[in-house]
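Everything below concerns the one structure shown next.
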Amino acid sequence: MIKKHFQFILLCTFFLFSCENKNTSQKSNLKEINPGVVISFDDTSINEWFQADKILHQYSWKATFCVSKINTLRHSEIKELKQLQKEGHEIAGHGFHHFDAPKFVAKNGIDAYINQEINPMLALMHFYSFKVTSFAYPFGFRNAKIDAALLKKFKIIRGTTYGAEDPFFQNCYFNNSKLVFGIGIDTDHPNFSIPYLIKLLDYAKRKHKILILFGHKPVQKITANYQTKMETLKLICNYVKQHNMTFYTLSELNDLK
């Protein structure tokens with residue numbers, strides 16, 4: 085009887101020890117994500133991006149530059165993009181022609197879209213030695229059918245989101261998906277404001293989230309639509325550094341999944 089009782093205790097001890105080791109192993113395999121920000125820019129404001137990097141370099145920032153119409157860029161602009169990539173920034177795709185994807189596909193089909201908008205862009209960008217693994221939809225317009233086709237070509241694809249609801253309900257945070265959504269930081273972007281931007285940053289910090297942002301042309305003074313004020317970018321970079329957060333590129337999100 086004593087022997088059986090001892091065997092039972094030994095069996096229970098072994099079981100508990102095994103469960104503890106299993107749980108510890110599972111926890112050690114989980115990636116701990118540091119809260120941070122993805123700053124992305126769309127279109128072809130190469131010179132302005134290059135100048136912004138000179139100003140924001142002091143923050144050790146990283147950005148993703150989503151380039152469209154690469155066949156129209158000057159040699160000097162290609163050199164600036166190469167320098168940005170060399171410094172650790174990401175050069176991503178934004179379309180060869182900057183098509184409205186759903187509208188084009190509805191009229192011409194998905195194969196025509198890939199052959200006219202995606203493949204020529206990738207061929208030329210690869211020719212220039214740009215490591216393109218991410219894509220941002222022009223205008224943010226997309227649908228599930230196009231998503232599925234592009235995810236065969238890219239690690240991460242980015243749409244856009246709007247509104248000024250509580251950050252808990254916003255989908256501008258990385259959620260372990262290959263499809264992500266950025267919220268605009270151009271001054272003319274719907275619902276953009278500095279107080280709301282700080283609210284989004286605060287939520288990312290508190291909840292260990294990665295906030296995804298996008299703009300277009302960085303400028304000191306706003307003179308037109310699709311412009312991001314340099315003061316806004318400085319605010320974001322200051323916030324990230326002061327709170328020990330991380331600058332991520334779009335493609336780096338895929339490594340966190």
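If you count the sequence shown from 1, you need to add 84 to reach the numbering used here.
All C-beta atoms in this analysis are idealised placements derived from N, C-alpha and C, irrespective of residue type, glycine included.
**Request:** Measuring only between beta-carbons, confirm whether lysine 191 sits less than 7 Å from chain C.
**Result:** The structure shown contains no chain C; it is built from a single protein chain.
**Item:** glutamine 142 versus Ile154, Leu165 and Glu171, residue with shortest Cα-Cα distance
**Value:** The residue you call residue 142 lines up with position 58 of the sequence shown. The candidate whose alpha carbon is nearest that of glutamine 142 is Glu171.
**Spatial distance of phenylalanine 252 from glycine 177 (CA atoms)** = The sequence position of residue 252 within the sequence shown is 168, counting from 1. The sequence position of residue 177 within the sequence shown is 93, counting from 1. If you draw a straight line from the Cα of phenylalanine 252 to the Cα of glycine 177, it comes to about 29 Å.
**Asked** Across which residues does DSSP place valine 151 in a beta bridge pair?
**Response** For the purposes of this step, residue 151 is taken as the residue at position 67 of the sequence shown. For valine 151, which the question treats as bridged, DSSP gives the partners Asp127 and Gly177.
**Asked** With distances taken from CA atoms, which of Asp250, Lys237, Glu249 and Gly268 is nearest glycine 243?
**Response** Working through the sequence shown from its first residue, we reach residue 243 at position 159. If you compare the alpha carbons of Asp250, Lys237, Glu249 and Gly268 with that of glycine 243, the shortest gap goes to Gly268.
**Asked** What is the C-beta distance between methionine 329 and alanine 136, in whole angstroms, given that I count them as a contact (C-beta under 8 Å)?
**Response** Counting from one through the sequence shown, the residue named residue 329 turns up at place 245. Counting from one through the sequence shown, the residue named residue 136 turns up at place 52. Not a contact, Cβ separation roughly 19 Å.
**Request:** Determine the closest residue to lysine 325 out of Ala308, Ile296, Leu285 and Leu297, with distance taken between C-alpha atoms.
**Result:** The residue labelled residue 325 in the question sits at position 241 within the sequence shown. Just measuring C-alpha positions, the residue of Ala308, Ile296, Leu285 and Leu297 sitting nearest lysine 325 is Leu285.
**Message:** Suppose the cutoff is 6 Å on Cβ atoms and the five residues either side in sequence are ignored; what does the same chain contact list for tryptophan 145 look like?
**Reply:** The residue labelled residue 145 in the question sits at position 61 within the sequence shown. Contacts found: Cys321 and Phe331.
**Asked** Under a Cβ-count criterion, where at least 16 other Cβ atoms within 10 Å of its own Cβ denotes burial, should threonine 312 be classed as buried or exposed?
**Response** The residue you call residue 312 lines up with position 228 of the sequence shown. So threonine 312 ends up on the buried side.
**Cα-Cα separation, tyrosine 257 to threonine 217** = Start at 1 with the first residue of the sequence shown, and residue 257 comes out as number 173. Start at 1 with the first residue of the sequence shown, and residue 217 comes out as number 133. Spanning the alpha carbons of tyrosine 257 and threonine 217 requires a straight line of approximately 19 Å.
**Three-pair Cβ contact test at 8 Å for the segment 193-200 versus the segment 154-163** = Touching, no.
**Message:** Cutting at 7 Å between CB atoms, please list the residues of its own chain near tyrosine 248, excluding the five before and the five after it.
**Reply:** Within the sequence shown, the letter at position 164 stands for residue 248. The question names tyrosine, but residue 248 in the sequence shown is alanine. Excluding sequence neighbours, alanine 248 sits near Asn275 and Tyr280.
**Prompt:** So what does DSSP say about arginine 158, is it helix, strand or coil?
**Reply:** For the purposes of this step, residue 158 is identified with residue 74 of the sequence shown, where counting begins at 1. Arginine 158 sits in coil when the DSSP states are folded into three classes, being neither helix nor strand.
**Message:** Please list the terminal residues of the continuous beta strand (DSSP E) segment that includes tyrosine 332.
**Reply:** Translated into the one-based positions of the sequence shown, residue 332 becomes position 248. Counted as a single uninterrupted DSSP element, the beta strand (DSSP E) harbouring tyrosine 332 occupies residues 330-332.
**Message:** Pop quiz: serine 277 and glutamate 174 are said to be a contact at Cβ under 8 Å. What is the actual Cβ separation, rounded to whole angstroms?
**Reply:** Reading the sequence shown from its first residue, position 193 is the one you call residue 277. Reading the sequence shown from its first residue, position 90 is the one you call residue 174. That belief does not hold up - the Cβ atoms of serine 277 and glutamate 174 are roughly 27 Å apart, past 8 Å.
**Own chain partners of leucine 114 with C-beta closer than 7 Å, once the 5 adjacent residues on each side are dropped** = One-based indexing of the sequence shown puts residue 114 at position 30. Confidence in leucine 114 is poor, its pLDDT being 38 and thus under 50, which makes the residue's placement too unreliable to answer from.
**Prompt:** How about phenylalanine 125 and alanine 185: do their beta carbons lie closer than 7 Å?
**Reply:** Position 41 of the sequence shown, counted from the first residue, corresponds to residue 125. Position 101 of the sequence shown, counted from the first residue, corresponds to residue 185. Taking 7 Å as the Cβ cut-off, phenylalanine 125 and alanine 185 do not qualify as a contacting pair.
**Item:** Endpoints, beta strand (DSSP E) assigned at leucine 295
**Value:** Looking up residue 295 in the sequence shown gives position 211. Start and end: 294-299.
**Prompt:** Contact check, lysine 215 vs histidine 182 under 8 Å by CB: the rounded distance?
**Reply:** Numbered from 1 along the sequence shown, position 131 holds the residue referred to as residue 215. Numbered from 1 along the sequence shown, position 98 holds the residue referred to as residue 182. About 21 Å separates the two Cβ atoms, so there is no contact after all.
**Item:** Residues near leucine 208 by beta carbon distance below 7 Å, same chain, minus five either side
**Value:** What you label residue 208 is simply residue 124 of the sequence shown in a count that begins at 1. Hits under 7 Å: Ile154 and Asn155.
**Message:** Quick check: what's the CA-CA separation for phenylalanine 223 versus aspartate 127?
**Reply:** Taking the first residue of the sequence shown as 1, we reach residue 223 at position 139. Taking the first residue of the sequence shown as 1, we reach residue 127 at position 43. If I take the Cα positions, the gap works out to 10 Å.
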